[in-house]
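Notes to accompany the following structure.
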Amino acid sequence: MKPTLAKTIAACIAGDVDSSDRARAEYATDASNYRVPPQLVVCPKNDDDVAAVLRICREHSVPLTARGGGTSVAGNAVGEGVILDFSRYMNAIEIDPVARTARVQPGVVMSDLQAAAAPHGLRFGPDPSTQNRATLGGMIGNNACGPHAVAWGRTADNVVSLECLDGTGRRFTAGAGQIDVPGLARLVDSHLADIRRNFGRFSRQVSGYSLEHLLPEAGRDVAKMLVGSEGTLVVITRAVVRLVPLAQAPTLVVLGYPDMPAAADAVPALLAHSPLAVEGIDAQLVDVVRRKKGSVPELPEGGGWLFIEVGAQEGEDVSVVGQRVDAILRDAGTDATRVCPPGPEASELWRIRADGAGLGGRTPKGNAAWPGWEDSAVPPEKLGPYLRDLRALMDAKGLDGLMYGHFGDGCVHVRIDFPIETPDGVAIMRAFMEEAADVAVRYGGSLSGEHGDGRARSELLTRMYPPEVIELFGAVKALFDPEDVLNPGVLVRPRPLDADLRRPHAAPSTYAGGFHFREDDGDLTRAVHRCTGVGNCRANRTAAGFFMCPSYQATKEEKDATRGRARVLQEVTSGKLIKGFADAALRESLDLCLACKACSADCPTGVNLAKFKSEALYRGYAGKLRPRTHYLLGNLPLLARWVTAVPGLAALANAALKVTPLRKAVFAVAGLDPRRQMPGFATTRFSALTKSQQEAMRRVGGELAEGVGVPGGAERGASPGVVGEAASGQSAKRYVMLWADSFSETLDTAGAQAMVGVLQRAGYTVLIPPSDTCCGLTWITTGQLDHAKKELDHLLGVLAPFAASGIPIVGVEPSCTAVLREDMPDLLDDPRASLVSDMTYTLAELLTAPAPIGPEGWTPPDLSGLTIVAQPHCHHYSVMGWRADAELLRRAGAKLTTVSGCCGLAGNFGMERGHYEVSVKVAGNDLLPKLAAAPDDAVYLADGFSCRTQAAQLAGDQGVHLAELLRDGIHVRRKGAGR
390 MKPTLAKTIA ACIAGDVDSS DRARAEYATD ASNYRVPPQL VVCPKNDDDV AAVLRICREH
450 SVPLTARGGG TSVAGNAVGE GVILDFSRYM NAIEIDPVAR TARVQPGVVM SDLQAAAAPH
510 GLRFGPDPST QNRATLGGMI GNNACGPHAV AWGRTADNVV SLECLDGTGR RFTAGAGQID
570 VPGLARLVDS HLADIRRNFG RFSRQVSGYS LEHLLPEAGR DVAKMLVGSE GTLVVITRAV
630 VRLVPLAQAP TLVVLGYPDM PAAADAVPAL LAHSPLAVEG IDAQLVDVVR RKKGSVPELP
690 EGGGWLFIEV GAQEGEDVSV VGQRVDAILR DAGTDATRVC PPGPEASELW RIRADGAGLG
750 GRTPKGNAAW PGWEDSAVPP EKLGPYLRDL RALMDAKGLD GLMYGHFGDG CVHVRIDFPI
810 ETPDGVAIMR AFMEEAADVA VRYGGSLSGE HGDGRARSEL LTRMYPPEVI ELFGAVKALF
870 DPEDVLNPGV LVRPRPLDAD LRRPHAAPST YAGGFHFRED DGDLTRAVHR CTGVGNCRAN
930 RTAAGFFMCP SYQATKEEKD ATRGRARVLQ EVTSGKLIKG FADAALRESL DLCLACKACS
990 ADCPTGVNLA KFKSEALYRG YAGKLRPRTH YLLGNLPLLA RWVTAVPGLA ALANAALKVT
1050 PLRKAVFAVA GLDPRRQMPG FATTRFSALT KSQQEAMRRV GGELAEGVGV PGGAERGASP
1110 GVVGEAASGQ SAKRYVMLWA DSFSETLDTA GAQAMVGVLQ RAGYTVLIPP SDTCCGLTWI
1170 TTGQLDHAKK ELDHLLGVLA PFAASGIPIV GVEPSCTAVL REDMPDLLDD PRASLVSDMT
1230 YTLAELLTAP APIGPEGWTP PDLSGLTIVA QPHCHHYSVM GWRADAELLR RAGAKLTTVS
1290 GCCGLAGNFG MERGHYEVSV KVAGNDLLPK LAAAPDDAVY LADGFSCRTQ AAQLAGDQGV
1350 HLAELLRDGI HVRRKGAGR
């Protein structure tokens, strides 16, 4: 049936149809615990496409599930039939600033609507934490809220009308004032008492169908009732939503309490002061953020906090803000307070809440934490006692999780470490969910406060509502969707909450000779299941300084997002849709991954696709013929050593590759894109440039190498070269090992040469390794891990004795430095690996480190007035962090513009045939616009060889290494040099 259905739909619509196993794997789950592979995925382009797909699904008795950003944590956006993904094409926005409304298609991302409304001084009130990737269609489906629902209400409160199709294919516009769905008015009127008794008890009661909106006293608003129906009654094609004026002078008040329940106890008294938001966070969550980020802004004393925002609404004088702050402080019941006016300080404090929400996928002990009971809500006046009972239940079951939530509305978010890898663990989850539902109902609460019930909680509705209401839900469903085409198994006739779980069916995948995956107990399966589907990788957070995910920003396809790739890898571990690491579907999924490592830093669950890709290539190509580029670019360090070892050969090779026909012929054979230029080989190696100085100072290095105790039996007797003593008047005994990687040794030596002078001026005696030492980066990125390990083992034999002596190792190329810091310890089972990793620094880290590692009395050159466009290398950003570099440049007085995101070349990626267009698009996301906006006399700062190469080839701009900038100061080469 699948091919016939796909062809039938494709023949009738303008949008995309994909029935491949790869696409089915990508859409088999959302951000929930569930796995339900669809038959196919459709990305409609217009309303007629939607109608055609619905008609064909009805004719073929195939379920239809609407989907936006796929961020549903309750399993509302998965289904076994057709997935209708609105996010790709149906994302038009029309703003009416006079009426203060917006007409939007369901695929509009929430933050895009906010950006479109902001120039008119308007905003959409609800703002869930996923707003930078969640779509309006999904928000309407779940009745999303967010922190500011306290002031502006839920999505339902801000919807004016909905253009939709029901399960019969009938098109209509739902709004207020008249119920024009056949039979619905009669059904409501015959159950008025049941509806009044059971619905609308408090603002966050969103479980089930919100039938209170159909009451005569509520204006008989069908549109508002459809909000939160989770795609089970209609498919929405457009919505008119209300916009509200931006609040003025939003001020943050932070209040500290002994614990979270005590903070919740204080909420009712504070709601009287018209807050814009009232958020609660726990000390455990703050600790997790602190560990991940390194620090957090100072908070008032306490174990639980309320973050309360107040502001002046339309028609109010700004002076009311101060009055509200005073009133809140008076009624807070605590002296632990902090008040922050609008500005960076308040933004940093709010970032704790935002980061904590993302990091909730792990418990304080590092265990995986899962949704399921992540969205319960009770009336705010009962929140404190509810939290105490909920925590007691978790403790009784031996469960843990990080609590936070929208306390002003009584909504609690917590992901819990259910042990759902085993059947016994699934039973624990079920028992907890049932008992937790009873606790919430006992306090007059709701199973869901804004996420919807989905597959996670629909079964539990019978514990919240009496039988007559459950029957009423079924009757409503029958009027809109009598054939049960729309999202079956949700809300009405629900699937069991423990059916279709993803994790229990994934088999362990232990060490296979590549990476050890020690952070995940040696199990690749656990590693790839770090991805919970929250979808940060789909958000464009470039303006906020984030790097993930460059390929998705270039293509906007799910297959090119971190999440999409992780889902395909998860299918490999379950052995279902994707049959092993050699499956062509997996290779297609990984093809456009730049291995930038940004996900390892920006994904809140710590997904590391660069490592996963390397391991997958290693396992998938074991004993098989590899692509040509793996052999050529993977072995580039060897090739470069050979070419630069023979006098005159490098110059000859450079000249030959400048002959266009010859270069294109070579590239065609090698599998490289002919539009690329080949970076030149160094005509003199870095080590040869310093050879005379090495010989003169070799004795000093020999003394250091003698008798050093190194774990693992490191090589002895090989003395380093000593490039030169510290600058005159400074101690000659402050040593540093300058490690020039293969790129800095044989391709571009400028950074390594400059680093010698900078380090000497900083008071160091500079050593260099006595022999070639390669980190194996190119073999790692191509999955040739056996050879990479050989290179690293040799490197350890050379560098470990100096690390053991307390001598810092400073890297030149960020990607190679990152190998020593991150990849090497997980590739090798060798105690020397951690030793060298701990002693490896970037130049900026070394120069800003405290003594005895860092320099004494060194100051950077005065760069006042110098405009710098800085491109942090992706691996630098992701593994080492770029804070030290930014601080160094600030101290030097430079005018700094920092590029966010990958340059797009990413080592071998941008050189390979089939990657050029994506490589250029990635560069166009931030790098090329910022270079174009900067004057020719600006400096393009890029430590990464790839970053400098990409800018030179695409923009004609010349880059410099940080060492060159620090050595030459304001006389450093400008980006427009040579033009």
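Under the working numbering, think of the first position of the sequence shown as 390, with each following residue one higher. By construction, the Cβ of each residue, glycine as well, lies at the ideal position given by its N, Cα and C atoms.
{"Check": "DSSP three-state call for residue 1266: helix, strand or coil?", "Outcome": "helix"}
{"Check": "Just the C-alpha distance for residue 995 and residue 919, rounded to the nearest angstrom, thanks.", "Outcome": "7 Å"}
{"Check": "Can you round the beta-carbon distance between residue 386 and residue 443 to whole angstroms, since I take them to be within the 8 Å contact cut?", "Outcome": "Outside the shown range of the chain (390 to 1368) lies residue 386, about which nothing can therefore be said."}
{"Check": "Can you have a look at residue 1352 and say buried or exposed, based on whether 16 or more other CB atoms are within 10 angstroms of its CB?", "Outcome": "buried"}
{"Check": "Alpha carbon to alpha carbon, how far is residue 771 from residue 650? Give it in angstroms, no decimals.", "Outcome": "10 Å"}
{"Check": "Jot down the residue ranges of each uninterrupted beta strand (DSSP E) in the region 1152-1187, minimum 3 residues, whole runs only, in chain order.", "Outcome": "1154-1157"}
{"Check": "Could you check how far apart the C-beta atoms of residue 895 and residue 914 are, in whole angstroms? I think they sit under 8 Å.", "Outcome": "5 Å"}
{"Check": "Rounded to whole angstroms, what's the CA-CA distance from residue 667 to residue 674? Just pull it up for me.", "Outcome": "17 Å"}
{"Check": "Can you grab the Cα-Cα spacing for the pair residue 652 / residue 692, in whole Å?", "Outcome": "9 Å"}
{"Check": "Residue 513 by DSSP, collapsed to three states: which one?", "Outcome": "coil"}
{"Check": "Classify residue 1323: buried if its beta carbon has 16 or more other beta carbons within 10 angstroms, exposed otherwise.", "Outcome": "buried"}
{"Check": "Consult DSSP for residue 398 and reduce its assignment to one of helix, strand or coil.", "Outcome": "helix"}
{"Check": "Between 850, 887, 837 and 960, which has its C-alpha nearest residue 813's C-alpha?", "Outcome": "887"}
{"Check": "Can you tell me which of the three DSSP states residue 1242 falls into?", "Outcome": "coil"}
{"Check": "Could you compute how far the alpha carbon of residue 591 sits from the alpha carbon of residue 840?", "Outcome": "16 Å"}
{"Check": "With 16 other CB atoms within 10 Å as the buried threshold, where does residue 1033 fall?", "Outcome": "buried"}
{"Check": "Can you list, in chain order, the residues of its chain whose CB lies under 6 Å from that of residue 1168, leaving out five sequence neighbours each side?", "Outcome": "1023, 1176 and 1177"}
{"Check": "Assign residue 755 to buried or exposed, taking buried as 16 or more other Cβ atoms, counted over all protein chains shown, within 10 Å of its Cβ.", "Outcome": "exposed"}
{"Check": "DSSP state of residue 561, grouped into three classes?", "Outcome": "strand"}
{"Check": "Are three or more beta carbon pairs between the region 1237-1246 and the region 1322-1338 nearer than 8 Å?", "Outcome": "no"}
{"Check": "Specify, as a first and last residue, the run of the alpha helix (DSSP H) that residue 712 falls within.", "Outcome": "708-720"}
{"Check": "Can you tell me the Cα-Cα spacing of residue 1085 and residue 1079, whole angstroms?", "Outcome": "Bear in mind that a pLDDT of 41 at residue 1085, under 50, signals an unreliable position, so the number given afterwards is only what the model happens to contain. Rounded to the nearest angstrom, the two C-alpha atoms are 10 Å apart."}
{"Check": "Specify the secondary structure class of residue 1191 as computed by DSSP and reduced to three states.", "Outcome": "helix"}
{"Check": "Considering just the uninterrupted stretch of the beta strand (DSSP E) at residue 695, what are its terminal residues?", "Outcome": "693-701"}
{"Check": "What residue from 1362, 448, 633 and 552 has the CA that sits closest to residue 503's CA?", "Outcome": "633"}
{"Check": "At a cut of 8 Å, does the region 831-846 reach the region 458-465 through at least three beta carbon pairs?", "Outcome": "yes"}
{"Check": "Helix, strand or coil: which one does DSSP assign to residue 1128?", "Outcome": "strand"}
{"Check": "Using the beta-carbon count (16 or more within 10 Å), is residue 1360 buried or exposed?", "Outcome": "exposed"}
{"Check": "Residue 568 bridges to which residues according to DSSP?", "Outcome": "Residue 568 pairs with nothing; no bridge assigned."}
{"Check": "Could you tell me the alpha carbon to alpha carbon distance between residue 1155 and residue 1071, rounded to whole angstroms?", "Outcome": "22 Å"}
{"Check": "Nearest CA to the CA of residue 782: which residue from 818, 760, 766 and 796?", "Outcome": "818"}
{"Check": "Applying the criterion that 16 or more other CB atoms from any shown protein chain within 10 Å of the CB defines a buried residue, is residue 1044 buried or exposed?", "Outcome": "exposed"}
{"Check": "Excluding the 5 residues flanking residue 851 on each side, which residues of the same chain have their C-beta closer than 7 Å to its C-beta?", "Outcome": "859"}
{"Check": "Is residue 1223 helix, strand or coil when you go by DSSP?", "Outcome": "helix"}
{"Check": "State the Cα-Cα distance for the pair residue 1137 and residue 788, rounded to the nearest angstrom.", "Outcome": "54 Å"}
{"Check": "What distance in whole Å lies between the Cβ atoms of residue 790 and residue 805, which are believed to be in contact at a cut-off of 8 Å?", "Outcome": "4 Å"}
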